[in-house]
Structure formats: structure tokens, C-alpha cells
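Trainee:
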Amino acid sequence: MQLNPHFLFNSLNAIGVLVRDQNTAAASRMLELLGDVLHTVLRSDARNEIPLDEELSFLEHYLAI
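Heads up: the sequence shown is residues 6 to 70, going by this note's numbering.
1. I'd like the list of long-range same chain contacts for residue 23, defined as Cβ closer than 7 Å, with 5 residues on each side in sequence excluded.
2. Drop a sphere of 10 angstroms on the beta-carbon of residue 62, count the other beta-carbons inside from all chains shown, and report buried for 16 or more, exposed for fewer.
3. Roughly how many angstroms lie between the CA atoms of residue 27 and residue 57, to the nearest whole one?
4. Quick one: Cα of residue 17 to Cα of residue 9, how far?
5. Between the C-alpha atoms of residue 38 and residue 53, what's the straight-line distance to the nearest angstrom?
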């Protein structure tokens, strides 16, 4: 459940392109997914072990972006 800063920069650039191209539905979905990923990573109750279903959900959002 770690996030590389380059992922954040690339995601924001991709969202910027979608906005510029007026693809608001895709940009909104990507923002929603990015928010979910950031919420998971920045959560204050950091645990040493993560249940597999939570890790898979995180990866699904990450890959969807």
C-alpha cells in the first residue's frame, strides 16, 4: 500500500489531458479513483498487514487509473 510520487504526477497529467479534451466523464471517474487510492494510502491507521481483499481493491483502482 505504497504510492510512488511519479504515479501521482502522471495521474494528474492524464486527468489534465482528459479535461483539456473535454472528456469530463473519464476525468471525473479518474479523479474518483485517484481519491480512493490516496485515501487508502494516507489513512492514519497504517497497519503492517493488509487483508488480501483490501490489497486487491487497491490494485484494481490503481490499475484503472
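Glycine residues also receive a C-beta, built at the ideal position from the N, C-alpha and C atoms.
Mentor: Quick answer:
1. Once the five neighbours on either side are set aside, the close Cβ partners of residue 23 are 31, 32, 35.
2. Exposed is the call here.
3. Cα to Cα, the separation comes out at about 37 Å.
4. Distance between residue 17 and residue 9, taken at the CA atoms: about 13 Å.
5. In a straight line, the C-alpha of residue 38 is about 24 Å away from that of residue 53.
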